[in-house]
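So the protein sequences, as listed, match chains Z and X. FYI, the numbering used here numbers position 369 of the first sequence as 369, with every residue one higher than the one before it. In the numbering used here, each residue's number is its place in the second sequence (first place is 1) plus 412.
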Amino acid sequence: MTPPLYIALRFLRHRKRALLLSLSGVVFGVGFFVCTQAQTEGFARHFINSTIGSNGALVVRSRFRPHYESLVVPSRSASSDTALRAFFEGITNASEIMRVSRQFSNVVACSPVLRGTVSARAGFQNATADLFGIDPPLHARTTDILRQLIAGSYDDFRNNTSSLIVGSRLAEDLGVHTGDTMQLLSPSGEYWRFTIAAIARAGVGSIDSTRVYSHARIAQNLLQRPFGASMIIYKLRDPDRAPALATQFERLFQHVANSWQEREQANLQLFMTLRISAAITVSLIILLAGFGIFNVLTMSVLGKVKEIAILRSMGYRRIDISAIFLWQGALVAAVGSVLGCLLGALLTWGVGHIPIRIRGLLYADHFLVTWNWRHYFWATLLAIIAVFIASYVPARRAAELPPVVTLRGSSV
Amino acid sequence: MHALRGVSLDLEPGTVHAVVGPSGCGKSTLLYVLGLLDPPDAGSIAIESEPVSHLSDNELARKRNEFIGFIFQFHFLMEDFTAQENIMIPMRRLGQLPEDEMGERAARLLDAVGLGNKLSRPSRHLSGGEQQRVAIARALANDPRVILADEPTGNLDTKNSERAFALLQTLVQQGENPRDDGRPNRRQPSSRHARAQLLKAKTAQNGVAQGDNNFLRHVWALFSFALAGAG
């Protein structure tokens, strides 16, 4: 143990009240930081997982006509390459695109979907539905549809082409249950009757309140589309790399490809704003703790002027004196961060068990939290930086105290 | 303001000096300059013929730690530490002894100043005289070449003053060589000799009094005393 660390420990031990005050600020700051980040990211993560689980991490949709570079150099004000594209609805040669895209290591599975908007009717209730015509086995491998079923059976759906899987909130709105009959209106004005084989809950309001799944072939007939798939959705090993893969797919297949990050950009920005807002708010606690430590150490320096002078007379260097006060800050930061992380984990666990009924953007029966080591890392880093800055000024001041003035002032 | 004017000292090992003068005449300034705590504006200082005036602050700190032992009028003990720990503080900075040996050496020094039974007592729980004796023991912690004492008995009553003064002399007379490193024992002037010097200094009213002492070989001590009733 270095002499400054030894002396710093003793100074701290004899200033228990000030130590506890400084420590509590860091502990609560770190703890609250971890807990709020766990909550905000918990909701965001739930939303991301649900949307990826329902709509895929990557979607290939409309074909576009490739644009070839003109030999004439365009003016600077000419619009970009993308703006000149001509789009054509639907996927041409979906099976070939799927065969090629499966060669990519990041692709786990893919499924063609024929999508269209229809009017749904059950009894006297009507609602607008987002119809997904799917290939049941492929869709089960690509999405979390099996996990999302809260009633009925996927096998019943797979074995009966005139059956549907209905989103949970849409089923509530229409007042239907598994086994009931539901009608979908075709563009020709004809109602098609279906049996509800299962009810699915993705956990995202916008999906659960509109989504209806049918067999792809039936959907094609109902929607009267000339193509069998309006999009292909992908399940990826690393969803974070979806944007890069989307760019590759666009270039390769001449179809528009959207990553989940691009698709959910607006919602992701909302969650990010909330996270930053919460982080800033809670960081103020840590900054206040740093201010408290600054006060405590400044008072400590003022109270230890005599000790500093005698240490200097005994051969302690300026850097040793600085180190004594920096060590005090470092010890408070280290112990405070460890205790703060424990408090944060405890609060996160506790908050995760608070029952709360959420039926809006997300569907949840309790607070959603996520366990991420990065929250603890950032909270600790923030605490260390705040405490270091708070300790540095008093430490520097202590090192610059001229010992002779103190010794002379006490001895003359 | 000139604190010291035309002071030139050539101090030999094995000698004891007492600077005596009225308050404000520059005794403490001289000690702090010689103790490398207060750099002189002009002139030079050498320890064992090695010039030290040009050294960096870190090097001066090392010299202080290694060569100089300070005793102040106010004991200046660290209140949060026990008597034994106070003595170990300069040793820790020197870093030449392991923890247990530092503890043993501090215990021997405390024993030498008659406080062997108060090793673990917090310094703030010691009496004024005891605290000053701990300060004396601390000044000897790193086996210094130079002991600078700034009115070491100035804050003590007559009884404790006599006791501390006698202790300083006795320690040196009897020799204190805890490290047993083969170096000759330190010697300081006999009480009678120191008093003779003090008298001599008082006669001179102020200035530097120097005496020779055959016992001193490797250490010299410089005391400052304010003249009673002066200044």
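Ideal Cβ placement from N, Cα and C applies to all residues, glycine included. Fair warning: this is a prediction, and the values are worked out from it, not measured in the lab.
Does the Cβ of residue i have 16 or more other Cβ atoms within 10 Å, making it buried, or fewer, making it exposed?
i, result
"X:Lys571", "exposed"
"Z:Tyr363", "buried"
"Z:Arg61", "buried"
"Z:Thr161", "exposed"
"X:Ala578", "exposed"
"Z:Ala309", "buried"
"X:Ala495", "buried"
"Z:Trp349", "exposed"
"Z:Met272", "exposed"
"X:Gln609", "Only weak support is given to the placement of X:Gln609: the predicted model assigns it a pLDDT of 41, under 50, and the question is left unresolved by the model."
"X:His429", "buried"
"Z:Leu326", "buried"
"Z:Thr181", "exposed"
Check the Cβ of residue i against every Cβ in chain Z and list those closer than 8 angstroms, keeping chain order.
i, result
"X:Ile501", "Pro3, Ile7, Leu311 and Met314"
"X:Phe577", "Within 8 angstroms Cβ-Cβ: nothing; X:Phe577 doesn't reach chain Z, min ~17 angstroms."
Is residue i helix, strand or coil when you go by DSSP?
i, result
"Z:Ser62", "strand"
"Z:Asp155", "helix"
"Z:Asp144", "coil"
"Z:Thr298", "helix"
"Z:Leu287", "helix"
"Z:Cys35", "helix"
"Z:Trp327", "helix"
"X:Arg561", "Per the sequence shown, residue 561 of chain X should be read as Ala rather than Arg. Here X:Ala561 sits in strand by DSSP."
"Z:Lys235", "strand"
"X:Pro510", "coil"
"Z:Ala125", "The sequence as given places Gln at residue 125 of chain Z; Ala does not occur at that position. Here Z:Gln125 sits in strand by DSSP."
"Z:Met182", "strand"
"Z:Phe43", "helix"
"X:Ala547", "helix"
"Z:Arg102", "coil"
"X:Ser420", "coil"
"X:Pro596", "Residue confidence is low: X:Pro596 scores 32 on pLDDT, short of 50, so the model does not pin down where it sits. Its coordinate-derived value is still stated next. The answer is coil: DSSP assigns X:Pro596 none of H, G, I, E or B."
"X:Pro556", "coil"
"Z:Leu274", "helix"
"Z:Tyr316", "coil"
"Z:Trp378", "helix"
"Z:Pro402", "coil"
"Z:Gly53", "helix"
"Z:Glu190", "coil"
"X:Glu516", "helix"
"Z:Tyr392", "helix"
"Z:Val27", "helix"
Closer than 8 angstroms by beta-carbon distance: list the chain X residues that pair up with residue i, in chain order.
i, result
"Z:Lys306", "Phe488"
For a contact meaning CB atoms closer than 7 angstroms, what does residue i contact in chain X?
i, result
"Z:Arg10", "Asp492 and Phe493"
At a CB-CB cut-off below 9 angstroms, which residues of chain X make contact with residue i?
i, result
"Z:Arg17", "Within chain X, no residue comes near Z:Arg17; the closest Cβ sits about 14 angstroms away, beyond 9 angstroms."
CB of residue i to nearest heavy atom of the ligand ATP: below 7 angstroms?
i, result
"Z:Ile165", "Questions concerning the ligand ATP fall outside what the structure shown contains, since it holds no ligand whatsoever."
Inset, instruction - Mind checking the region 467-479 of chain X against chain Z and listing, in chain order, the residues whose C-beta falls within less than 8 angstroms of any C-beta there? - result: Asp469, Asn470, Ala473, Arg474, Lys475, Arg476, Asn477 and Glu478
Inset, instruction - State whether the region 17-34 of chain Z contacts the region 336-347 of chain Z, with contact taken as three or more CB pairs (one from each stretch) at a distance under 8 angstroms. - result: yes
Inset, instruction - Return the residues of the region 315-346 of chain Z that lie within a Cβ-Cβ distance of less than 8 angstroms from chain X, sorted by chain order. - result: Gly315, Tyr316, Arg317, Arg318, Ile319 and Asp320
Legend entry - Touch test, the region 281-293 of chain Z against the region 470-478 of chain X, Cβ-Cβ under 8 angstroms, three pairs minimum: no
Inset, instruction - Assess, as a yes-or-no matter, whether the region 96-106 of chain Z is touched by the region 227-247 of chain Z under the definition of 3 or more beta carbon pairs within less than 8 angstroms. - result: yes
Inset, instruction - Could you run through the region 497-528 of chain X and flag, in chain order, every residue whose CB is less than 7 angstroms away from some CB of chain Z? - result: Ile501, Pro502, Arg504 and Arg505
Legend entry - Members of the region 442-469 of chain X that neighbour chain Z once the beta carbon cut-off is set at 9 angstroms: Tyr444, Gly447, Leu449, Asp450 and Asp469
Inset, instruction - Residues of the region 365-384 of chain Z with a CB closer than 9 angstroms to any CB of chain X: list them in chain order, please. - result: none
Legend entry - Segment contact flag, the region 258-268 of chain Z with the region 363-372 of chain Z, C-beta cutoff 8 angstroms, min 3 pairs: no
Inset, instruction - Give a yes or no on contact between the region 107-123 of chain Z and the region 132-144 of chain Z, applying the rule of three or more CB pairs nearer than 8 angstroms. - result: yes
Legend entry - At least three beta-carbon pairs within less than 8 angstroms, the region 319-338 of chain Z to the region 478-486 of chain X: no
Inset, instruction - Taking 8 angstroms as the threshold, find out whether the region 508-520 of chain X comes into contact with the region 4-12 of chain Z through three or more Cβ pairs. - result: no
Legend entry - Within 7 angstroms of chain X by C-beta, residues of the region 13-42 of chain Z in sequence order: His14
Legend entry - Inter-stretch contact (C-beta, 8 angstroms, three-pair minimum) for the region 221-231 of chain Z and the region 166-176 of chain Z: no
Legend entry - Segment contact, 8 angstroms Cβ cut-off, at least three pairs: the region 543-553 of chain X with the region 484-493 of chain X: yes
Legend entry - Contact the region 145-163 of chain Z vs the region 224-232 of chain Z: 3+ CB pairs below 8 angstroms: no
Inset, instruction - Give a yes or no on contact between the region 294-310 of chain Z and the region 384-402 of chain Z, applying the rule of three or more CB pairs nearer than 8 angstroms. - result: yes
Inset, instruction - Please confirm if the region 202-215 of chain Z is in contact with the region 239-256 of chain Z, defined as three or more CB-CB distances below 8 angstroms between the two stretches. - result: no
Legend entry - Segment contact flag, the region 32-45 of chain Z with the region 189-196 of chain Z, C-beta cutoff 8 angstroms, min 3 pairs: no
Inset, instruction - Determine, using beta-carbon pairs with one atom in the region 352-360 of chain Z and one in the region 286-297 of chain Z, whether at least three such pairs fall under 8 angstroms. - result: no
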